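Read through the structure below, which is laid out as structure tokens, and then see the notes.
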DNA sequence: AATCAAAATTTGTGATCACAAATTTGGCCG
DNA sequence: CGGCCAAATTTGTGATCACAAATTTTGATT
């Protein structure tokens, strides 16, 4: 639920947005193979809509770099290379470092408390083996952190970068993610925000992002290509009726 | 003309792209008043196309932050505030600084020579009072510089940032732009690239961007709003037939 | 003249169709 | 088995239509 100064911003219920959300979720979860061609009619057919909203959703995703458009006329899931990951690493490290630096200067006690709560929820989820839930909590922590900076444009750009790296972040599981550095760094960041210690906070987030993406870059083969990640494990299904997804959720199989 | 390793990339001739280019050019030149509502049918009618390509072009511009979409259903040219300009200043300073730093490490003699040529052309144009030509040369210099870094994603993000600030850059004319700091800094950057002196190059570009956008932020009124810029002066028309724009150029009046 | 509800118009959205370009298929010949 | 070309199919693009929501205009009433 999006809010702004207590005023509810009405959610965009257009089919276009729903298609966008579905594609975004599928990309982030790695449900498409990198390099896979996505035809408009396949997407429209799968989601049960016409071509029109699909085309507009695709335009947005292309603009955000989440999918790429071939010279001719087809779109496909981008293939990742070591160079591209290293470039994204440098950009993300810098921008997310900037966001945290500004956040440290402004963080209120309530905001710090919220971060602490999310961090402890993450600890609780970790080790349960639910990759999808784990990643969700990580995302929640990071964006709660960046939102404190109060810089909407910066936040939007960072979201775009997460969308580009998203399909490959599953590669961190299970090896990299079990390192205790993550939890330690999150606590260090929280402490630094509490103390308004911007340089320390920045260093911690830069190390976090730098290490994670360097690790992924290290998975590249000799040609510099990085293999696609496996889809995140689904959350446990609710007991009871399982067939139809809740109210109008457009999902890929 | 776009090239890549000697291979011509075929230009996208779709109507969608032409509409996008037209809107982008109009926005950059300040031909729309900030806050102005843009109806799909107005754009389609003006450019003589149907709604379909307009809708897709708009989606892309919205994703890039060049225009914004109201909650309900209309799109408009974003209004600029002091806070937003300062945020864009910080992001641009950082990312363009990063690009120049990488460029300094890689620049070849030929690339430096090209920068020097553009810089001298800019000096030639400067003082002729042709704002549009001046801005075009500035853009050419900056992107030739950033391209040397060889980081396509970074370049794409920077282009998006220029699109957001574009409608307001005319505010630099004629007062700010006549300062001799600009030409001096460009020469300093070129020299630093030649010497592979990354820190000096970064400092120079950061000062360039920081000063320009700080100047624009200083134009805000007490409420923090920044008045729209006047459209850039048109280039001198070629003599001869003046009515129809060259081959299929979709232009706004 | 100011107010406000009803009517008229405008506007974005989604579906559908026609069409050309790209891609795949299938068969033929080497 | 492999290369090549024409037919068949798929695919993205652009135009058009219907429709509901939003906006503007109108006109009656105070």
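Residue numbers (this note's numbering), protein chains in the order written: chain A, 1 to 253; chain B, 1 to 253. From the three backbone atoms N, C-alpha and C, an ideal C-beta is built for every residue, glycine too. Predicted model only: the values in this text are computed from it and were never measured.
The alpha carbon of residue 216 of chain A has as its nearest neighbour, out of A:200, A:86, A:128 and A:153, the alpha carbon of A:86. In the DSSP assignment, residue 75 of chain B is bridged to B:38 and B:69. The criterion of a C-beta distance shorter than 8 Å is satisfied by residue 34 of chain B and residue 228 of chain B. Here residue 13 of chain B carries a coil assignment [DSSP, helix/strand/coil]. When the beta-carbon positions are compared, residue 91 of chain A and residue 165 of chain B stay at least 8 Å from each other. The CB of residue 88 of chain A comes closer than 7 Å to the CB of 153 in chain B, given here in chain order.
Chain A places a beta carbon closer than 8 Å to that of residue 98 of chain B, counting this residue as a contact.
When DSSP assignments are scanned along the segment 193-233 of chain B, the uninterrupted stretches of alpha helix (DSSP H) that are 4 or more residues long and fall wholly within it turn out to be 198-217. Within the segment 91-140 of chain B, the runs of alpha helix (DSSP H) that reach at least 4 residues and sit entirely inside it are, in chain order, 109-125.
Judged by pairs of C-beta atoms under 8 Å, the segment 10-22 of chain A touches the segment 47-61 of chain A, as three or more such pairs exist. Spatial neighbours of residue 95 of chain A in its own chain (CB-CB distance under 8 Å, excluding positions within 5 residues in sequence) are listed in chain order as 154, 157, 158 and 161.
The segment 174-194 of chain A and the segment 96-107 of chain A touch, with no fewer than 3 CB-CB distances between them shorter than 8 Å. Annotated three-state conformation of residue 153 of chain A is helix, per DSSP. Proximity to residue 163 of chain B across B:26, B:12, B:15 and B:11 peaks at B:26, based on C-alpha coordinates. Interface criterion not met: the Cβ of residue 110 of chain A is under 8 Å from no Cβ in chain B. Under DSSP, residue 81 of chain B forms a beta bridge with B:225. Membership of residue 54 of chain B in the alpha helix (DSSP H) is indicated by the continuous run 51-63.
Its chain contains 252 and 253 as the residues whose beta carbon lies nearer than 8 Å to that of residue 46 of chain B, once the 5 sequence neighbours on both sides are disregarded; these appear in chain order. At the C-beta level, residue 81 of chain A and residue 226 of chain A come within 8 Å of one another. The Cβ of residue 191 of chain B sits no closer than 8 Å to any Cβ of chain A. Excluding the 5 residues flanking it on each side, residue 15 of chain B has same chain C-beta neighbours closer than 7 Å at 49 and 53, in chain order. Across the structure, residue 30 of chain B and residue 212 of chain A are spaced so that their CA atoms are roughly 42 Å apart.
Taking the C-beta atoms as reference points, residue 113 of chain A is found no nearer than 8 Å to residue 125 of chain A. Any Cβ of chain A closer than 8 Å to the Cβ of residue 60 of chain B would place that residue at the interface, and such an atom is present.
For residue 29 of chain B, the secondary structure class from DSSP, reduced to helix, strand or coil, is coil. In this structure, the CA atom of residue 151 of chain B is about 8 Å from the CA atom of residue 99 of chain B. Here residue 122 of chain B is buried, its C-beta having at least 16 other C-beta atoms within 10 Å. Residue 76 of chain A is positioned such that its CB atom lies closer than 8 Å to that of residue 68 of chain A. A distance of 8 Å or more separates the beta carbons of residue 149 of chain A and residue 115 of chain A. With respect to residue 210 of chain B, residue 93 of chain B sits close: the two C-beta atoms are nearer than 8 Å.
In the same chain as residue 79 of chain B, and ignoring 5 residues on each side of it, the C-beta atoms closer than 6 Å to its own belong to 34 and 35, in chain order.
For residue 84 of chain A, the nearest CB of chain B lies under 8 Å from its own CB, placing it at the interface with that chain. Of all residues in the segment 38-57 of chain A, only 52, 55, 56 and 57 place a beta-carbon less than 9 Å from a beta-carbon of chain B.
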